[in-house]
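Beneath this line is the structure, given in structure tokens, with notes to follow.
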Amino acid sequence: MFDWKWDFTWEILPRLVYATGNTLIAAGAGYVIAVVLGLMLALAQRTPSKALTFTVREFVEFIRSTPLILQIFFVFYVGPQFGIRLSPWMSGMIAIGLHYACYLSEVYRGGIESVPKGQWEAAIALNMTTAQKYRRVIIPQAIPPALAGMGNYLVGIFKDTPMLSVIGVAELIHTANAIGSENYRFLEPYTMVGIIFLAISLPAAGVIRLFEGYVRRKLGL
Amino acid sequence: MLDKTGFPLEMTGEDTPMVSFRKVRKSYGALTVLDDLDLDVSAGEMVSIIGPSGSGKTTVLRMLMTLERINGGVIYVDGQPLTHMPKGGQLVPANERHLRSRRADIGMCFQHFNLFPHMTALENCMEGPVQVLGLSKAEARDRSEELLEMVGMISKKDQHPSRLSGGQQQRVAIARALAMRPKVMLFDEVTSALDPEVIGEVTNVIRQLVSEHNLTMLMVTHQMGFARDISDRVCFFYGGRIEEQGPPAELFGNPQRERTQQFLSAVREAV
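Here the protein sequences come in this chain order: E and S. Each residue of the first sequence is one higher than the one before, counting from 32 in the numbering used here. Each residue of the second sequence is one higher than the one before, counting from 564 in the numbering used here.
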């Protein structure tokens, strides 16, 4: 019943390692999009324009209230009907980046709101422009309290990359599926995928905590 | 030239006050904090504002720093309208651009210091000159170090605020405000959050400013002895109005109004 084949395991390992690279690239690229876009979504909700705030707010709520997999399908399969033809990779990065940008915008919002009112007033007293206030005073102080949440979503985006397999991105699950159906053996590939995810997620959480401490010390907080 | 509501578009002449509140009104909803306030402060004058809490004294400074919008009247700084700008012969509420151009004349120190925690003492002082005034790092450093020297904080210049005591933080905050070379300095209860034993190190810095510099200063304080020592004039606020004002010797020594007498005797009993 339980016949684990080591030779088969070693044979498929190179393909899985290669796919791990793809998974990390997908998670990394998606996260970069999410980090940048998320900050823009957070700041867009703080302009004097009530209409812009409302629109962005509703958009964020909409994305957060619908499944990621639906958003992936939408970008990849519905996009072409509007003349937007994107590769699986491109569609996947946009969908996952956007999805996590919305979550991260909430993390940033919390961070920005945690900066004391007196810091804004000191920035006004120094006659700073709005951009200077955010860039020099508010965001540097909003990031440390946001780091824990940002780290959680980094691990989250990594664990959500298998969703990209549904549109044919050759990440870990997609590769494990392929190996399984070629060889009629699923135990080894899926087990290895689980181990690989665990081996990356667990240390990542620790590294993020260390990084958080480092940033706080660096900023003198 | 006057605008149609009777406010001058600008104030000219030799005796133009450095700061002028004209019929300034401030309210939060139905609550009126300041009612038709008229207050002139001459260039180089040190004016202390005293009064019970809720009398509107801190609001005066916050409006002048443009941290609060006013609901009526006009504030002038150095003859130019601060809260308003001239447009087609009328005064209209100032936009951000106008505020930025006028705000450069004013500096402020806060009760809770409000230093930037992610910057060292020196970086706090250099921030405004480099980012806002566009000075080179070297120029800003020279200017900041000179001021940190003056407030006795040069030995702590590379410390972050979290490593400094309240008195030390407040002295750095004074240096940070002065580094912008304002014409008017505002001190908002700068000793109220300090432990009693370090109040002196902050008041000594302000004393030094008064005697050695020709800055115009407005100070809200609960320290009557200090206000009496260093002020050219003391204003007693009550219920959103100036109840009584005059040279410190007169206001403290021979207050005319009943409310001033009550307030001063209450403060003395507390000590």
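By construction, the Cβ of each residue, glycine as well, lies at the ideal position given by its N, Cα and C atoms. Values in this document were obtained by computation on a predicted structure and should not be read as measured data.
For this session: Could you name the residues of the segment 649-667 of chain S whose beta carbon sits closer than 7 Å to any beta carbon of chain E, in the order they occur along the chain?
Result: Arg663, Arg666 and Ala667
Exercise. In three-state terms, what does DSSP make of Tyr801(S)?
Worked result: strand
For this session: Go ahead and label Leu203(E) buried or exposed: buried means 16 or more other beta carbons lie within 10 angstroms of its beta carbon, across all protein chains shown.
Result: buried
Exercise. Between Gly651(S) and Pro571(S), what straight-line distance do the alpha-carbon atoms span, to the nearest angstrom?
Worked result: 13 Å
Exercise. Under a CB-based cut-off of 9 Å, is Ala177(E) close to chain S?
Worked result: no
Exercise. For His879(S), which three-state DSSP category applies?
Worked result: Outside the displayed span of chain S (564 to 834) sits residue 879(S), for which this structure offers no information.
Exercise. Name the DSSP bridge partner or partners of Thr595(S)?
Worked result: Ser590(S)
Exercise. Got a sec? Which residues, its chain only, sit under 6 Å from Ala173(E) by beta carbon, not counting five neighbours each side?
Worked result: Gly142, Ile143 and Val146
Problem set entry | Collapsed DSSP secondary structure at Thr84(E) in the structure displayed | helix
Problem set entry | Residue closest to Gly576(S), alpha-carbon to alpha-carbon, out of Ala593(S), Ala606(S) and Pro759(S) | Ala606(S)
Exercise. Whole alpha helix (DSSP H) runs in the segment 613-661 of chain S with 4 or more residues, listed along the chain?
Worked result: 620-627
For this session: Starting from Leu157(E), find everything on chain S with Cβ-Cβ shorter than 7 Å and list it in chain order.
Result: Glu690, Gly691, Val695 and Met743
Exercise. Helix, strand or coil: how does DSSP classify Thr779(S) here?
Worked result: strand
Exercise. Do the CB positions of Leu178(E) and Val246(E) come within less than 9 Å of each other?
Worked result: yes
Exercise. If the cut is a Cβ gap below 7 Å, which residues of chain E does Met671(S) touch?
Worked result: Ala156
For this session: Could you give the DSSP three-state label for Ser611(S): helix, strand or coil?
Result: strand
Exercise. For Glu712(S), which option in Thr629(S), Val735(S) and Val695(S) has the closest C-alpha, if you only look at C-alpha atoms?
Worked result: Val735(S)
Exercise. With distances taken between CB atoms, is the gap from Leu55(E) to Phe189(E) smaller than 9 Å?
Worked result: yes
For this session: Drop a sphere of 10 angstroms on the beta-carbon of His776(S), count the other beta-carbons inside from all chains shown, and report buried for 16 or more, exposed for fewer.
Result: exposed
Exercise. Where do the ends of the alpha helix (DSSP H) carrying Phe242(E) lie?
Worked result: Leu218 to Lys249
For this session: List in chain order: all unbroken beta strand (DSSP E) runs of 3+ residues lying wholly within the segment 124-166 of chain E.
Result: none
Problem set entry | Endpoints, beta strand (DSSP E) assigned at Ile669(S) | Ile669 to Cys672
Exercise. Can you list, in chain order, the residues of the segment 51-85 of chain E whose Cβ is nearer than 8 Å to any Cβ on chain S?
Worked result: none
For this session: State buried or exposed for Met682(S), treating a residue as buried only when at least 16 other CB atoms are found within 10 Å of its CB.
Result: buried
Exercise. What number of angstroms, rounded off, separates the C-alpha of Arg167(E) from the C-alpha of Glu152(E)?
Worked result: 14 Å
Problem set entry | Close Cβ partners of Glu219(E) (< 6 Å) along its chain, the five nearest in sequence each way excluded | Phe39 and Thr40
Problem set entry | Other residues of its chain near Phe750(S): CB distance less than 6 Å, five sequence neighbours each side excluded | Cys672 and Met782
Exercise. Can you name, in chain order, every residue of its own chain whose Cβ lies under 7 Å from the Cβ of Val765(S), other than the five neighbours on each side?
Worked result: Gly730, Gln733, Arg734, Val753, Thr754 and Leu757
For this session: With distances taken Cα to Cα, identify the nearest neighbour of Asn767(S) among Ile793(S), Lys586(S) and Asp641(S).
Result: Ile793(S)
Problem set entry | Beta-bridge pairing of Arg585(S) - partner residues as DSSP gives them | Val637(S)
Exercise. Which class does Gln172(E) belong to by DSSP, given the choice of helix, strand or coil?
Worked result: helix
For this session: Can you pull the chain E residues whose beta carbon is under 9 Å from the beta carbon of Phe679(S), in chain order?
Result: Gln150, Ala153, Ala154, Arg167, Val168, Pro171 and Gln172
Exercise. Could one say the Cβ of Thr161(E) lies closer than 9 Å to chain A's Cβ atoms, at least one of them?
Worked result: Looking for chain A here will not work: the only protein chains present are E and S.
Problem set entry | Buried/exposed call for Phe93(E), threshold 16 Cβ in 10 Å | exposed
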